[in-house]
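One line per chain: the protein sequences are A and B, in this order.
Residue 9 in our numbering is what sits at position 9 of the first sequence, and the numbering runs on without skipping anything.
Each number in our numbering corresponds to the 1-based position in the second sequence with 1000 added.
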Amino acid sequence: MVIIYYCFGGAHSSVLAAAIHTHMLSTDRIPKKDEIINLPHYDKTPSQMIGIPFCFGKDEFGNRVYILGTGKAKKIVINALKSFMEIEEINQDEVYLENTLKNVNLLVRIGGFLSRGLGLIFPGRILTVYGLQRAYPKFVQMVKRVKEEIAVA
Amino acid sequence: MRIVFHSRSIDMLAYVTAQVYLNYRQDLKLTEVSFDYWEIPQQLGTLFFLGTDSFNNKVYLMGRGKEKKIVCKALMGFNRIFSSSGKMIFYDLSPYENGYLRLALFFNRLKLEGLARKISLHGVKGEFKQILEDIGEFYERVKSIP
């Protein structure tokens, strides 16, 4: 099975969710700043790479976990994926899509814009980390729900 | 292999260009090309199967809005992850979007479809020579892919 966590730029919230999913980050405590910053792809996806799904790793069930930035074309990209699955005759249960943006607070949005949008990496990155630390319990809950739903499927 | 003709929306330009590719001949006339594009569902991002070319490649149409790079990269990525049928080639139709075709798109949004079709036809007529030339080159390129 393929699990795709998607957000606007594929650089912050989707990376965090994928890291929790693949046990790179612990679920019983809030990770430190360096643990988040050192995640693969964290705050690194340049805007010209938005749209490309990146493989993040595998979870304990052997499912492949991907991160994806959809930019302003969220609906179109999701439609394209569904349409592609249809023409490839891939069962809908084979792919799980999760929008991580719904857990994102204002700090992460501002930080992401500063870092990825304006190139102000230092203040932007700090803000995103701080914002994600504050929202961390929500992310843990989301990943738990995703895993439960996958198990049912 | 799959070939995707993409433009802002599935309109007369996209349909005619893909038809030119499917029925390619150097001396093809616009009057020989089908224009029944309005029966195609208009949801952006959806791949619409149009037919199979002479090299057994499947040909699709896709409306992708303004974010062509993101949507095409995403599809290439999905193809890399899931596909068993090899390469995917994209044919961008935005170079042919002249003033008439943009105006037609605008009228289409206002639900003035009849008027939009007439203006589109004018726009496609203006670009047809170039389309035929470019599709000829594209056809040869596809032919050379093993």
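C-beta: ideal position from N, C-alpha, C; glycine also.
- Using beta-carbon distances, LEU1093(B) does not count as an interface residue toward chain A, since no partner is under 8 Å.
- Taking CB atoms only, ILE1070(B) has a neighbour in chain A less than 8 Å away.
- Against ALA80(A), the close residues of chain B are GLY1045, THR1046, LEU1047, MET1062, ARG1064, VAL1071, ALA1074, LEU1075, PHE1078, in the order they occur along the chain (beta-carbon pairs closer than 8 Å).
- For HIS12(A), the secondary structure class from DSSP, reduced to helix, strand or coil, is coil.
- Listed by position along chain B, the residues whose Cβ is nearer than 8 Å to that of GLY71(A) are GLU1067, ILE1070.
- Excluding the 5 residues flanking it on each side, LEU101(A) has same chain C-beta neighbours closer than 7 Å at CYS7, PHE8, SER13, in chain order.
- Annotated as proximal: ARG125(A) and ILE37(A), with beta-carbon spacing under 8 Å.
- Pairwise C-beta distances place the segment 1020 to 1039 of chain B out of contact with the segment 132 to 147 of chain A, as fewer than three of them are shorter than 8 Å.
- With a beta-carbon spacing of about 7 Å, VAL1142(B) and ASN1057(B) fall inside the 8 Å limit used to define contacts.
- The beta carbons of PHE54(A) and GLY10(A) sit closer together than 8 Å.
- The alpha helix (DSSP H) runs of length 4 or more contained entirely in the segment 16 to 74 of chain A are, from start to end of the chain, 33 to 37.
- GLY71(A) sits buried, since 16 or more C-beta atoms from the chains shown fall within 10 Å of its C-beta.
- Non-local C-beta neighbours of LEU1093(B) in its own chain, meaning closer than 7 Å and more than five positions away in sequence, comprise PHE1005, HIS1006, SER1007, LEU1013, ALA1014, THR1017, ordered along the chain.
- Residues of the segment 29 to 57 of chain A with a Cβ closer than 7 Å to any Cβ of chain B, in chain order: ILE50, GLY51, ILE52, PRO53.
- By the criterion of a C-beta distance shorter than 8 Å, ILE20(A) is surrounded in its chain by THR27, PHE139, VAL140, VAL143, once the five residues flanking it on both sides are discounted.
- SER1007(B) carries a strand assignment under DSSP once its states are collapsed to helix, strand and coil.
- The beta-carbon of SER14(A) is placed no less than 8 Å from the nearest beta-carbon of chain B.
- Assignment of VAL104(A) by DSSP, reduced to helix, strand and coil, places it in the coil class.
- Neighbours of GLU88(A) across chain B, judged by C-beta separation under 7 Å: PHE1082, SER1083.
- With 16 or more other Cβ atoms inside 10 Å of its own Cβ, PRO31(A) counts as buried.
- Interface criterion met: the Cβ of ILE76(A) is under 8 Å from a Cβ in chain B.
- Annotation: GLY1065(B) to SER47(A) spans about 18 Å, alpha carbon to alpha carbon.
- In the three-state reduction of the DSSP assignment, THR1017(B) falls in the helix class, which pools H, G and I.
- For PHE122(A), the secondary structure class from DSSP, reduced to helix, strand or coil, is helix.
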